[in-house]
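Residue numbers (the working numbering), protein chains in the order written: chain A, 15 to 436; chain B, 22 to 390. No residue lacks a Cβ here, since even glycine has one placed at the ideal position from N, Cα and C. Note that the structure is predicted; figures quoted are calculated from it, not measured.
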Amino acid sequence: MFPLLVTDHWYDLRDLANLYRVILEGLDHILPTGLVYVITALLGFIAFFVIFVLPSQLYVGVYGERRLIGRMQARQGPNRVGPLGLLQPIADALKLLQKEALTPRSADRTIMWIAPILFVAPAILIFAVIPFGPRMVFADIPVSLMYFLAISSLPVIASFMAGWSSNNKYSLFGAMRIVAMSISYEVPLVLGLLSVAVLSGTMSLQGMVIWQQDIPTWMILIQPIAFAVYFIGVSAELNRTPADIAEAESEIVAGYLTEYSGMRWGLFYGMDIAYALGASAFAATVFFGGWSLFGLEQWIPPWLIFILKTYLFYFLFIWTRATLPRLRIDQLMSFSWKFLLPVALFNLLIVAVERLIWTSNDLPDAIVWAFGGVNIILMVGIVFVWSKVFKYDPKNRPTKPRLVNESGGYRPVDLGEGGSAS
Amino acid sequence: MSEVIKTEPFVMNIGPQHPSTHGVFRVKVTVDGEKITDAEMIIGYLHRSMEKLAEERTYTQNIPFTDRTDYLSSMSNNLGYCLAVEKLGNLSVPPRGQAIRVIMAELQRLASHCMGAGAFANDTGAWQTPVMWFNRERERILDIFEMTSGARLTCNYMRIGGVAFELRTGFEDAVRQLLPRLRQTIADGQELLAENEIFIVRARDVAVVSPEMAIGASLTGPMLRGSGVAWDIRKADPYSGYEKYDFQIPIGYKGDAYDRFTVRLEEMRQSIKIVEQALDDLPGGPHSTEVPLAFRPPSGEAYARIESPRGELGYYLVSDGGPSPFRFHIRPPSLINLSVFKEMTVGGSIADAIVALGSVDIVVGEIDR
């Protein structure tokens, strides 16, 4: 629908692939063919990590999160190291590098040593399938959705190894909790994303962006349930509030990280942010139109649009973290199995029917807007009906205590006047 | 499969160094998975032998000790001790001194409940935000204390027969500016926490104390009122002229952690009302009666009790006619409120135990003295 105006000149920064191609061609003249591909792939990967992931991590993940949460909590946030505290994350990283990485005598040294390394690898792999622009994607594989889901559940193993090997009861609790939660939330998460794949008819992330660009729409407008399921599921998998039970500070000190110190802890901390960035990038791709912005991507560099969308989604994580209390593990489990899973399944059913109607009758693309309207109405309906099934009634709950004027003994709850106490 | 997978309960220490024990307090819990089957409290890490030390010092010298028992509400502690000494020596306090005492005690209740409500929210996992919001207002109250007494935390402001100094110029304006801000913060806490679905499911029906259990264990303060028992020493046995002020007692519905939290918020609103009334008709005259520095009350005994932010704070003094008390005993509300901790936690999960501990709002300095 929108032909790209991007040229093939190397100075056309709307598509960084141009620059990359020029380097590749230049190297091709001086190096043997096979080696060039290896070198450029490595180069591209490192450059991408240095240009996007590391600064995002330092300045959106560490600095931005601390600064924003500081503002939300009526305090300043880091503002001492460098101008506006901008050098704070670097100072932190240097401090962590200097610190000794302790290993308890009773711990399993090998596993405790391997766990942070295993935790880092998937964080890098996740970004391989994320499309940053029309031609800026490392591996445009047709099943990148499956790839993302598979890779993003790997760090759980590393977390479990960390918790188990520390030989600490708090760590063990953290490890057990993270495994239980990951198993529970993977199911609705996959179902929610499956409905997106069914509607768009593709499992490739690049394909989904192009699908959203062609309509043109954003998936969140058409699939609000899938987005809600994704957001809740992914915040549970990433241990973000309100589901941060694996590192619940007030309960089990630091969960599976209790015995870690120095840069080993730093790797866990940094990669937690990288996973959150990866989940944000994925959400920006699937639900917010990726690098497309209703035609504006011809003038604004698509990768810039994409990165800003990622940061906007990441802001949601920061916001919930500064606002919400934490749920208990059994409440999280029952929420996942009793609420999220049925809702995601029902959504999948609706979307499958819609897709069938769309393709078998050969309807125009604009029909997805009607689907979106139907889905939003159904979303409200499902949530309403399901809350009635569980007898949820917020009106009937007092949030303020009773007031009496005189001291005396026990005052039984008067059910007739102020409502029941349930 | 002849062998069955064996599970066994294990013992876990919560504390003495733990983010949620509010001091050096230790609970040895036996857990079966996430479920607590036994809980044993171990106290005494902060024992400073205050009651014995106080027998060696004069009555006036003992006032700073009381600051350091419940270090989050030093004004209330000062008040309770001074009332006991005045009862022992049959002294009277001028009306202005009484009104200043009421203002200070209620501001202290506000400051202490700010801390209690914020820390409780932190225990439920609301990561630092409510703590910061409430502490912002608590700091302002402490500023007023600093302005009045020269100290923020351990004020040492009350004296036998009145208060130490006259109020500073601008005190009334400072308090009147503070109160609307406090109201706003309480409303924020109500909306952010008490009406938050996650907070409700975390705190409702958790750590339930039935009214029978509460009375049987002689719980006091928000712990007792949360269970629906209307009992407030300010109403039942008024001191310092509390009978003149118009306020109400908030009581809960079911005696769970949520009720205790909302009771604390409501008590803060009532305290604001009391402070406003006290400021409106602040009597003139002296702020204190003249009491000799080496005060020697006649031999006898006295027990005075006040409604401290945590409950009934009692001071029991025995005099043998000398310049220092023969026996100095404190009835600490935190210790007695904590006595039902095992009943509250056994059967729940670890997360519930943390919420239960947060809802008691203990101060370890007062438990161990």
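Under 8 Å between C-beta atoms of residue i and residue j
i      : j      : result
L362/A : V212/A : yes
I236/A : F385/A : yes
D382/B : G139/B : no
P130/A : R278/A : yes
S355/B : I388/B : yes
I162/B : L128/B : yes
N177/B : N83/B  : no
E265/A : A325/B : no
S248/B : A257/B : no
G386/B : D91/B  : yes
S179/A : Q227/A : no
L252/A : F133/A : no
T51/B  : L314/B : no
R189/B : S309/B : no
L203/A : V248/A : yes
T175/B : D88/B  : yes
Where residue i falls: helix, strand or coil (DSSP)
i      : result
E263/A : helix
T272/A : coil
S239/B : coil
D59/B  : strand
F16/A  : Annotation note: pLDDT 46 at F16/A (below 50); position unreliable, coordinate value reported separately. Of the three classes helix, strand and coil, the one that applies to F16/A here is coil, per DSSP.
M33/B  : strand
T51/B  : strand
G332/B : strand
E76/B  : coil
A374/B : helix
G284/A : helix
R180/B : strand
L128/B : helix
G342/B : coil
G432/A : Interpretation of G432/A is limited by its pLDDT of 43, a score under 50 that renders its predicted location unreliable; the figure taken from the coordinates is listed afterwards. Coil, per DSSP.
R229/A : As written in the sequence, residue 229/A is Ile, which differs from the Arg given in the question. Three-state DSSP puts I229/A in coil, outside helix and strand.
E420/A : coil
R94/A  : coil
E212/B : helix
P426/A : coil
R390/B : coil
R81/A  : helix
I383/B : coil
S309/B : strand
G321/B : strand
R204/B : helix
I327/B : strand
H23/A  : coil
Span of the alpha helix (DSSP H), counted from its first residue to its last, around residue i
i      : result
E160/B : 150 to 170
H43/A  : 31 to 44
P356/A : 355 to 375
L205/A : 183 to 214
F282/B : 278 to 301
R123/A : 123 to 140
I19/B  : What the structure shows of chain B is the stretch from 22 to 390, and residue 19/B is not part of that stretch, so it cannot be assessed.
P103/A : 102 to 112
First through last residue of the beta strand (DSSP E) which encompasses residue i
i      : result
F174/A : Careful: F174/A lies outside any beta strand (DSSP E), inside the alpha helix (DSSP H) at 169 to 179.
I12/B  : Only positions 22 to 390 of chain B appear in this structure, which leaves residue 12/B out of reach.
I272/B : 270 to 272
Nearest-angstrom Cβ-Cβ length linking residue i and residue j, presumed shorter than 8 Å
i      : j      : result
I270/B : E72/B  : That pair is no contact at about 31 Å.
P243/B : V284/B : 5 Å
Q71/A  : I287/A : 5 Å
R340/A : T272/A : Contact doesn't hold; Cβ gap of about 17 Å is too wide.
G182/B : E61/B  : Their Cβ separation, rounded to whole angstroms, is 45 Å, which puts G182/B and E61/B out of contact at 8 Å.
L300/B : E212/B : Their Cβ separation, rounded to whole angstroms, is 27 Å, which puts L300/B and E212/B out of contact at 8 Å.
M153/B : R89/A  : 6 Å
V229/B : G423/A : No, V229/B and G423/A are not in contact; Cβ-Cβ is about 19 Å, not under 8 Å.
I332/A : L82/A  : 5 Å
A6/A   : L207/A : Absent from the model: residue 6/A. The displayed extent of chain A is 15 to 436, so no value can be given.
L5/B   : V45/B  : Coverage of chain B is limited to positions 22 through 390, which leaves residue 5/B absent and any answer about it impossible.
**Asked** Mind listing which residues of the stretch 411 to 423 of chain A have their C-beta closer than 8 Å to chain B's C-betas, in chain order?
**Response** R411, P412, T413, K414, P415, R416, L417, V418, N419, E420, S421, G422, G423
**Request:** Report the residues of the stretch 263 to 278 of chain B with a CB closer than 7 Å to any CB of chain A, ordered along the chain.
**Result:** Q269, I270, P271, I272, G273, Y274, K275
**Item:** Residues of the stretch 358 to 376 of chain B with Cβ closer than 8 Å to any Cβ of chain A, in chain order
**Value:** For the stretch 358 to 376 of chain B, the set of positions with a beta-carbon nearer than 8 Å to some beta-carbon of chain A reads S370, I371, A372, D373, I375 in chain order.
**Asked** Taking any Cβ of chain B, which residues in the stretch 80 to 93 of chain A have a Cβ under 7 Å from it, in chain order?
**Response** The stretch 80 to 93 of chain A vs chain B, Cβ under 7 Å: M86, Q87, A88, R89.
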